[in-house]
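Everything on this sheet refers to the single structure shown next.
Numbering (the numbering used here), first residue to last: 707 to 978.
Here you go:
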């Protein structure tokens with residue numbers, strides 16, 4: 707553990723404290739496959755100069771005071787404690803082939819999900835280098851941030867292939883600008899009346915549907931239970947051995963689904 711910098715401790719957010727509870731203790735695993743062989747020295751240099759080590763959460767220890775309240779305390783980073791190099795191929799006995807990199811990475815991730823958690827003697831993140839499989843695996847505790855913020859930070863550490871200084875961008879759908887006639891402001895008085903009436907009805911409908919969803923959620927939480935099946939888990943199911951599988955989808959098939967059901971692809975990514 708590095709020497710601690712004398713700065714004011716920052717308390718955890720309520721969400722961060724929730725993710726640190728023994729019942730939760732969620733760790734995010736992100737696997738990134740590379741085209742070229744991994745050079746550990748280059749990776750270490752990039753990480754040392756990246757925005758990641760300048761981020762307060764990635765350079766802070768999680769400590770508890772005498773009252774049991776969690777706080778972040780800044781510390782110096784020893785990158786050798788966070789950069790873990792795996793020189794040998796990942797195998798499960800003789801079941802995995804040396805060239806089956808995808809299954810090997812899935813097996814490694816499955817083991818990580820039920821292995822020991824991240825050590826509190828260092829900031830709550832690790833980078834595993836699977837040299838044989840040309841893959842990087844990030845282990846980041848969910849208390850450091852949510853998926854959107856962590857992906858934004860990861861993209862900020864990368865550069866575009868067509869420009870060394872350019873940051874990669876994620877395509878997004880821009881909202882179409884509506885003209886004055888679409889909201890009824892440029893039409894007659896009855897169009898304006900219908901517009902505000904539709905807005906009012908939208909708020910009323912949103913309130914009614916929210917009430918229905920809340921009542922349904924409470925009723926399900928109180929009375930509805932999953933029926934017992936042959937694959938139902940018992941006590942301690944969260945620690946049982948796991949197996950990951952990769953599903954591949956053709957872009958053409960996704961386009962067919964998108965044309966048939968316009969919102970299907972969007973919902974698929976939300977719930978994935």
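C-beta: ideal position from N, C-alpha, C; glycine also. Quick caveat: nothing in here was measured; it's all calculated off a predicted structure.
- By the C-beta criterion, the region 727 to 746 is judged to be in contact with the region 840 to 850, since at least 3 inter-stretch pairs fall below 8 Å.
- DSSP places residue 934 in no beta strand (DSSP E); its state is neither H nor E.
- Out of 824, 858 and 945, the CA that lies nearest to the CA of residue 758 is found in 858.
- DSSP places residue 717 in the strand class (E or B) of the three-state scheme.
- Inside the region 787 to 860, DSSP marks whole beta strand (DSSP E) runs of 3 or more residues at positions 789 to 792, 831 to 836 and 841 to 847, from first to last along the chain.
- For residue 736, the pairing in a beta bridge is given by DSSP as 844.
- In the structure shown, residue 922 adopts helical secondary structure according to DSSP, grouped into three states.
- When DSSP states are grouped into helix, strand and coil, residue 751 belongs to the helix group.
- Pairwise C-beta distances place the region 819 to 826 out of contact with the region 750 to 765, as fewer than three of them are shorter than 8 Å.
- Residue pairing by DSSP places residue 776 opposite 770 in a beta bridge.
- By the Cβ rule, the region 827 to 841 counts as touching the region 783 to 796, because three or more pairs are nearer than 8 Å.
- Taking 8 Å as the cut-off, the beta carbon of residue 856 is found no closer than this to the beta carbon of residue 776.
- Per DSSP, the unbroken alpha helix (DSSP H) holding residue 963 starts and ends at 957 to 966.
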